[in-house]
Amino acid sequence: MRPMNTRANTSLAFMKMHGLGNDFVVVDARARSFDLTQNQITAIAHRQKGVGFDQLAVIETSTDADAHLVFYNADGSTSAACGNATRCIARYLMDETGTDSLTLTTDRGTLYARDAGNDLTSVNMGQPQLAWHEVPLAREMDTLELPIDGAPTATGMGNPHCTFFVADAEAVDLSVFGATHEHHVLYPERTNVQVAQVVGDNHIRMRVWERGVGITLASGSSSCATAVAAHRRGLTGRKVQIDLDGGTIWIDWRDDGVWMTGKTEHVMSGEFTTAFLERAK
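Just so you know, the sequence shown maps onto residues 149 to 429 in our numbering.
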C-alpha cells in the first residue's frame with residue numbers, strides 16, 4: 149500500500165479525520181518510524197496550541213493483516229480500541245487500495261472492516277467482554293447492574309465502559325458526572341462513561357465521557373458497549389440506532405461480533421514541524 153507522503157527528517161505528516169465529530173490525528177508510520185513522547189502527544193492534542201484530537205491513531209505495517217493500529221488518548225495514555233478511528237482508517241485504506249474490505253490488527257484483536265455503501269463504513273469490533281475480570285473491574289461482581297448509584301452496566305470492548313440508563317440524557321451534567329465516574333474505585337483502569345436514554349423502539353440517545361479525553365461528540369466503542377448493555381437489560385433488540393451529539397451510528401450485535409456502521413470524513417492532511425515537535429519534548 150502507498151503510504152502518506154512524508155518529508156524525511158524534516159517533519160511528521162498527519163491526517164485529521166473524524167467519525168461523527170469524534171476526531172483523530174492519524175499518523176501513517178508504514179514508511180517511517182513513529183517515536184513521539186507523551187509530552188509531544190499531549191502537545192499535539194492541545195486544541196489551541198496543537199491540532200487537537202480525541203485520539204491519536206498510528207498506522208503500522210502488519211504481517212498478519214492489512215495494517216496494525218495503535219491508539220493514544222489526549223492525555224497521552226494508550227487505548228486498546230477506538231471504533232470510530234478504526235472506521236476512519238479503514239475508509240482511508242480501502243480508498244487507497246480500491247478494496248471493499250480489509251483486516252486490521254489492534255491490541256483489542258483482529259478487526260474486520262467493509263464498505264457498507266452510501267458513504268458508510270462498517271467495522272466488526274469483536275465480541276463484548278462481559279465477565280468482571282475482562283472489563284476489568286476491581287473485584288468479582290455481576291456486570292449487568294453494578295453497586296453504583298444508578299445501577300450502571302459494565303462492558304468491555306477492548307476498553308472499559310460504564311453505561312447509565314437515564315430518563316433524560318440531556319439533563320445530566322456530563323462534565324461532572326463523567327469525570328467523577330471515570331475514576332470510580334471499581335474501575336482500576338478508569339472507564340468510559342455513557343448516559344443513555346431509550347427514545348424509541350431500538351433507538352437510543354447517548355452522550356459520552358471518554359477516559360483520558362472528556363466529553364466527546366461520539367465514541368464507537370461506547371456505542372457498541374451501550375447497545376450490548378441495552379440488549380442485556382431487555383431494553384432493545386440486538387440491532388439499534390444510537391443518536392450521539394455528533395450524529396447517528398448503527399450497532400448490530402451479531403454472532404460474529406458487534407458491528408458498527410456510520411460515516412467518516414478525512415478533513416485535511418498536514419505536517420508537524422520539527423521545531424514544534426522539538427519544543428514539545
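Note that the Cβ used here is the ideal one computed from N, Cα and C, for glycine as well.
Just so it is clear, the structure is predicted and the values come from calculations on it, not from any experiment.
Here's the rule I'm using: 16 or more other beta-carbon atoms within 10 Å means buried, otherwise exposed. How should residue 281 be labelled?
Here residue 281 is taken as the residue at index 133 of the sequence shown, counted from 1. With fewer than 16 other beta carbons inside 10 angstroms of its own, residue 281 counts as exposed.
Specify whether the segment 192-212 and the segment 337-344 touch according to this definition: at least 3 beta carbon pairs, one from each stretch, less than 8 Å apart.
Under the three-pair Cβ rule at 8 Å, the segment 192-212 does not count as touching the segment 337-344.
Put residue 265 into one of helix, strand or coil per three-state DSSP.
For the purposes of this step, residue 265 is taken as the residue at position 117 of the sequence shown. Residue state, collapsed to three classes: strand.
In the DSSP assignment, the alpha helix (DSSP H) including residue 187 goes from what residue to what residue?
In the sequence shown, residue 187 corresponds to position 39, counting from 1. In this chain, the alpha helix (DSSP H) harbouring residue 187 covers 186-193.
Can you pull the DSSP bridge partners for residue 421?
Working through the sequence shown from its first residue, we reach residue 421 at position 273. BP columns for residue 421 point to 159.
Could you name the residues of the same chain whose beta carbon sits closer than 6 Å to that of residue 199, not counting the 5 residues immediately before and after it, in chain order?
Taking the sequence shown and counting its residues from 1, the one referred to as residue 199 is at position 51. A distance below 6 Å between beta-carbons, with the five flanking residues on each side excluded, links residue 199 to the following residues of its chain, in chain order: 173, 192.
Could you name the residues of the same chain whose beta carbon sits closer than 6 Å to that of residue 252, not counting the 5 residues immediately before and after it, in chain order?
In the sequence shown, residue 252 corresponds to position 104, counting from 1. 213, 215, 217, 259.
Thinking just about the alpha-carbon of each residue, which of 356, 292, 311 is nearest to the one in residue 322?
Sequence index remark: in the sequence shown, residue 322 carries index 174 (1-based). For the set 356, 292, 311, the Cα lying nearest the Cα of residue 322 is the one of 356.
Which runs of the alpha helix (DSSP H) spanning at least 4 residues fall entirely within the segment 294-322, listed in chain order?
Within the segment 294-322, no run of alpha helix (DSSP H) reaches 4 residues while sitting entirely inside it.
Using DSSP's beta-bridge definition, name the partner residues of residue 165.
Taking the sequence shown and counting its residues from 1, one reaches residue 165 at position 17. Per DSSP, 172, 414.
Counting only runs of 4+ residues fully inside the segment 188-246, write out the alpha helix (DSSP H) ranges in chain order.
As for any alpha helix (DSSP H) of minimum length 4 sitting wholly inside the segment 188-246, the runs are 231-245, ordered along the chain.
Per DSSP, residue 387 is paired with what?
Locating residue 387 in the sequence shown gives position 239, counting from the first residue. 400, per the DSSP bridge assignment.
Quick one: what does DSSP say residue 427 is sitting in, helix, strand or coil?
Stepping through the sequence shown from its first residue, residue 427 is reached at position 279. It is helical.
Which same chain residues, not among the five before or five after residue 395, have their C-beta less than 6 Å away from its C-beta?
Reading the sequence shown from its first residue, position 247 is the one you call residue 395. Excluding positions up to five away in sequence, the list reads 168.
Range of the contiguous beta strand (DSSP E) that encloses residue 362:
Here residue 362 refers to the residue found at position 214 of the sequence shown. Where residue 362 is concerned, the enclosing beta strand (DSSP E) stretches over 362-364.
Host alpha helix (DSSP H) of residue 251 (start-end):
For the purposes of this step, residue 251 is identified with residue 103 of the sequence shown, where counting begins at 1. From DSSP, residue 251 is part of no alpha helix (DSSP H) but of the beta strand (DSSP E) over 249-254.
Please work out which residues of its chain come closer than 8 Å, Cβ to Cβ, to residue 316, disregarding the five sequence neighbours upstream and downstream, and give them in chain order.
Along the sequence shown, read from residue 1 onward, the residue named residue 316 stands at position 168. For residue 316, where only same-chain residues beyond five positions count, the Cβ hits under 8 Å are 345.
Residue 358 burial status per 10 Å Cβ neighbour count (16 or more: buried)
Locating residue 358 in the sequence shown gives position 210, where the first residue counts as 1. Residue 358 comes out buried.
Look at the Cβ atom of residue 371, then the Cβ atom of residue 163, and state whether they are nearer than 8 Å.
On the sequence shown, position 223 is the one that residue 371 refers to. On the sequence shown, position 15 is the one that residue 163 refers to. Cβ distance not < 8 Å, so residue 371 and residue 163 don't count as in contact.
What does a CB cutoff of less than 7 Å around residue 185 pick up in its chain, not counting 5 residues either side in sequence?
Counted from its first residue, the sequence shown places residue 185 at position 37. Here the set comprises 429.
For residue 197, does the count of other Cβ atoms within 10 angstroms reach 16, so buried, or fall short, so exposed?
Counted from its first residue, the sequence shown places residue 197 at position 49. With a 10 Å radius around the Cβ and a threshold of 16 neighbouring Cβ atoms, residue 197 comes out exposed.
For residue 327, the nearest candidate out of 363, 171, 306, 232 (CA to CA)
Here residue 327 is taken as the residue at index 179 of the sequence shown, counted from 1. Residue 363 is the option with its Cα nearest to residue 327.
Would you kindly work out how many angstroms separate the C-alpha atoms of residue 243 and residue 271, rounded to a whole number?
Residue mapping note: residue 243 aligns to position 95 of the sequence shown, counting from 1. Residue mapping note: residue 271 aligns to position 123 of the sequence shown, counting from 1. When rounded, the distance between both Cα atoms is 15 Å.
Taking the alpha helix (DSSP H) that residue 382 belongs to, which residues open and close that run?
The count along the sequence shown starts at 1 and reaches residue 382 at position 234. It is not in any alpha helix (DSSP H) - residue 382 carries neither H nor E in the DSSP assignment.
Straight-line Cα distance separating residue 255 from residue 225
Taking the first residue of the sequence shown as position 1, residue 225 is located at position 77. Taking the first residue of the sequence shown as position 1, residue 255 is located at position 107. Take the alpha-carbon of residue 225 and the one of residue 255: they are about 14 Å apart.
Assigned exposure category for residue 295 - 16 Cβ within 10 Å defines buried:
Here the question's residue 295 lines up with position 147 in the sequence shown. Exposed is the label assigned to residue 295, since fewer than 16 other Cβ atoms lie within 10 Å of its Cβ.
Alpha carbon to alpha carbon, what distance is there between residue 276 and residue 287?
Along the sequence shown, one-based indexing puts residue 287 at 139. Along the sequence shown, one-based indexing puts residue 276 at 128. Straight-line Cα distance between these residues: approximately 19 Å.
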